[in-house]
Amino acid sequence: MPMQLNRRDVMRAMVSGAVSLAFAQGTFAQHGPPPGKIALRFNENPYGPSASALKAAAKALEMGAYYPISITDDLLNAISTKNGVALENMVLSSGSNEALQAAFVAWGKKGKVLLPALTYTDHIAYSIRMGVELVTVPLAKDMSIDLEAMAAAVDDGVSLVYICNPNNPTGMALDGDLLRHFCRTVGKKATVIIDEAYNELTDEPDYTSMIDLVREDENVVVMRTFSKIFGMAGLRVGYGMARPDLASIISGHVMAWPNGPGLAAAYASYNDDEFIRFSRAKVIEGRNMVNETFRKNGIEPLPSQANFVYADIGRNATLFQKRMNERDILIRGSFELYPNYSRVSMGKLEDLETFDRVFTEVYNS
Ligand SMILES: Cc1ncc(COP(=O)(O)O)c(C=O)c1O
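Take the sequence shown: its position 161, counted from the start at 1, is 265 in my numbering, and no numbers get skipped.
The structure is reproduced here in structure tokens:
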């Protein structure tokens, strides 16, 4: 199987390249997609940050001399109030990836971590390096997470179960009540993390979320991020909600403090309902466009409830990625185990129109 670069590898290469370029030109490296390229590869949301977030971040930059104490409190208060949980239930981290890594490392000391064979993995390489032992469970035939098989795999050696809902890269969401039942049952034996990075984009965000189980003191951790619906991937703010004893274990393993401009932007966005509605509508419109591109080329995509679409394109997705890259469209290549599945993230609608044209040409050439 061809070697697949992950986001971290790409970032490292970009940083080293960009640093040399910056030195050569005596300027700063640019942030965002490479010039002239359309980036549909990392599940970012180009409709953010919101205007309110940008304003707040700019103001926070001016206060960059000071540690971001009160804005941290403000944000924690806003999130806990909206979700009906206490401050003791809250975890804050530099992107949700950091809290996920922290949880894997913390629970990894007590036992194995169980997860689906195809899921979000950026936190996993780090966890393996930290000695965490993982056990994977194959997806069901329809590419959904196989909850029955996952429940059956939880033995005394498993301390943590990771479920990403909707899952990345499939975009498929589990039924809320089925997952609730799973969490309540499995939670008697092991802690369950539900990664809800894309929750706000699902058909029924409240029904799909497990936050009610946190309120009920179940053995469940809900992880969220400002990177997706709020379009703040570069500003690095994530949060978790869990029973106080679980939240304090994760907070005790988180290594960094989120940055002031990121926190200020998060606070300004969090209750910006008009922006949330706008962002959701644009992402869903884009998702429909990408689904349509696949379908008109005879490909049936998986039913996504996230800001990306995953489909079996009937040929090697990494080779196809290279051909799209030559035409300045950056998409994901193969994930391990599924060489013919391609993942396309949402971009601006005009970029998705270009994607539609280029995809159709490259696919049929
Ligand atoms: C399922 C899932 N969880 C977590 C993350 C990490 O997001 P962040 O660290 O930017 O909050 C991602 C990013 O793509 C993701 O897809």
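A virtual CB, placed ideally from N, CA and C, is assigned to each residue, including glycine.
Quiz prompt | Secondary structure of Pro309, DSSP reduced to three states | solution = By one-based count along the sequence shown, residue 309 stands at place 205. Reduced to three states, the DSSP call for Pro309 is helix.
Quiz item: Between the C-alpha atoms of Gly215 and Val262, what's the straight-line distance to the nearest angstrom?
Solution: The residue given as residue 215 occupies position 111 in the sequence shown. The residue given as residue 262 occupies position 158 in the sequence shown. Their backbone Cα atoms lie some 5 Å apart in a straight line.
Self-check item: Cβ-Cβ separation, Ser438 to Ala421 (assumed contact under 8 Å), whole Å
Solution: Taking the sequence shown and counting its residues from 1, the one referred to as residue 421 is at position 317. Taking the sequence shown and counting its residues from 1, the one referred to as residue 438 is at position 334. Between Ser438 and Ala421 the Cβ distance is about 4 Å, and since that is below 8 Å, they are a contact.
Practice problem: Within the same chain, show all residues whose beta-carbon is closer than 7 Å to that of Phe127, passing over the 5 residues directly before and after it, in chain order. | Solution: If you number the sequence shown from 1, residue 127 lands on position 23. Because Phe127 sits at a pLDDT of 47, beneath the cut-off of 50, its placement in the model cannot be relied upon, and the following sentence gives the value as read from the coordinates. Result list for Phe127: empty, nothing under 7 Å.
Exercise. Select from Arg447, Ser352, Gly366 and Ala206 the residue whose C-alpha is nearest the C-alpha of Pro405.
Key: Numbered from 1 along the sequence shown, position 301 holds the residue referred to as residue 405. Checked all of Arg447, Ser352, Gly366 and Ala206; the closest Cα to Pro405 is Arg447.
Quiz item: Hey, would you say Pro365 sits closer than 8 Å to Ala203, going by beta carbons?
Solution: The sequence position of residue 365 within the sequence shown is 261, counting from 1. The sequence position of residue 203 within the sequence shown is 99, counting from 1. No, they are not a contact pair.
Self-check item: Which of helix, strand or coil DSSP assigns to Ile249
Solution: On the sequence shown, residue 249 is found 145 positions in, with the first residue counted as 1. Note: Ile249 maps to coil in three-state DSSP.
Self-check item: Boundaries (first-last residue) of the alpha helix (DSSP H) holding Val258
Solution: By one-based count along the sequence shown, residue 258 stands at place 154. Taken as a continuous stretch (DSSP letters only), Val258 belongs to no alpha helix (DSSP H), as it is neither H nor E.
Quiz prompt | Unbroken stretches of the alpha helix (DSSP H), 4 residues or longer, contained in the stretch 328 to 390 | solution = 348 to 357 and 364 to 374
Exercise. Any chance you could list the residues with Cβ under 6 Å from a heavy atom of ligand 1, keeping chain order?
Key: Asn147, Gly199, Ser200, Asn201, Tyr224, Cys268, Asn272, Asp299, Ala301, Thr329, Ser331, Ala337 and Gly342
Quiz prompt | Cα-Cα separation, His357 to Phe208 | solution = Here residue 357 refers to the residue found at position 253 of the sequence shown. Here residue 208 refers to the residue found at position 104 of the sequence shown. So the alpha carbons of these two residues sit roughly 9 Å apart.
Quiz prompt | Neighbourhood of Arg340 by C-beta, 7 Å cutoff - its chain only, sequence neighbours within 5 removed | solution = Translated into positions along the sequence shown, residue 340 becomes position 236. Once the five neighbours on either side are set aside, the close Cβ partners of Arg340 are Ser198, Gly199, Pro362, Asn363 and Gly366.
Quiz item: Thinking just about the alpha-carbon of each residue, which of Ser355, Ile435, Glu166 and Thr289 is nearest to the one in Met327?
Solution: What you label residue 327 is simply residue 223 of the sequence shown in a count that begins at 1. Measuring from the Cα of Met327, the nearest candidate turns out to be Ser355.
Quiz item: Pick from Ile298, Ile173, Thr464 and Asp307: whose alpha carbon is nearest that of Phe398?
Solution: Residue 398 sits at position 294 when you count from the first residue of the sequence shown. Comparing Cα positions, the closest option is Thr464.
Practice problem: Tell me whether Ser355 counts as near ligand 2, meaning its Cβ is closer than 7 Å to at least one heavy atom of that ligand. | Solution: Absence of ligand 2 is noted for the structure shown, with ligand 1 being the only ligands found.
Quiz item: Using the C-alpha atoms, what's the distance from Val290 back to Arg347?
Solution: Looking up residue 347 in the sequence shown gives position 243. Looking up residue 290 in the sequence shown gives position 186. Whole-angstrom Cα-Cα distance: 16 Å.
Quiz prompt | Cβ neighbours of Glu50 in the same chain (closer than 7 Å, five flanking residues each side left out) | solution = Given that the chain is displayed from residue 105 to residue 469, the structure contains no residue 50 and the question cannot be resolved.
Quiz prompt | Closest Cα partner of Tyr442 within the set Gly188, Pro172, Gly140 and Leu243 | solution = Here residue 442 refers to the residue found at position 338 when the sequence shown is read from its first residue. When each option's Cα is compared against that of Tyr442, the closest is Leu243.
Practice problem: With DSSP as the reference, please indicate the residues paired to Tyr266 in a beta bridge. | Solution: For the purposes of this step, residue 266 is identified with residue 162 of the sequence shown, where counting begins at 1. Paired residues: Ile297.
Quiz item: Which residues bound the alpha helix (DSSP H) around Phe286?
Solution: Position 182 of the sequence shown, counting from 1, holds the residue named residue 286. It spans Gly280 to Val290 - the alpha helix (DSSP H) in which Phe286 sits, taken as one unbroken run.
Exercise. Please name the residue, chosen from Asn429, Thr274, Ile353 and Val258, that lies closest to Val241 on a Cα-to-Cα basis.
Key: To locate residue 241, count along the sequence shown from 1; it is residue 137. Selected option, being the one with the closest Cα: Val258.
Quiz item: If you compare alpha carbons, which of Val462, Asn444, Ala351 and Asn395 is closest to Met194?
Solution: In the sequence shown, the residue the question calls residue 194 occupies position 90. Looking at the Cα atoms, Ala351 is the closest of the given residues.
Self-check item: Among Ala255, Met450, Asn429 and Ser154, the one whose alpha carbon lies nearest that of Ala294
Solution: Locating residue 294 in the sequence shown gives position 190, counting from the first residue. Ala294 has its Cα closest to that of Ala255, out of Ala255, Met450, Asn429 and Ser154.
Quiz prompt | Secondary structure of Tyr230, DSSP reduced to three states | solution = By one-based count along the sequence shown, residue 230 stands at place 126. Tyr230 falls in the helix class under three-state DSSP.
Quiz item: Which residue's Cα is closest to the Cα of Gly335: Gly140, Ala143 and Asn147?
Solution: Numbered from its first residue, the sequence shown carries residue 335 at position 231. Answer by Cα proximity: Asn147.
Quiz item: Residues in its own chain within less than 6 Å of Leu125 by CB, not counting five upstream and five downstream?
Solution: The sequence position of residue 125 within the sequence shown is 21, counting from 1. Residue placement at Leu125 is poorly supported in this model, since its pLDDT is 49, which falls under 50; the coordinates are not used for a value here.
Exercise. Jot down the residue ranges of each uninterrupted beta strand (DSSP E) in the stretch 432 to 467, minimum 3 residues, whole runs only, in chain order.
Key: 445 to 449
Quiz item: Which residue spans inside the stretch 149 to 189 form an unbroken alpha helix (DSSP H) run of at least 4?
Solution: 155 to 166 and 173 to 187
Exercise. Going by DSSP, name the residue or residues bridged to Lys216.
Key: Here residue 216 is taken as the residue at index 112 of the sequence shown, counted from 1. Partner(s): Val262.
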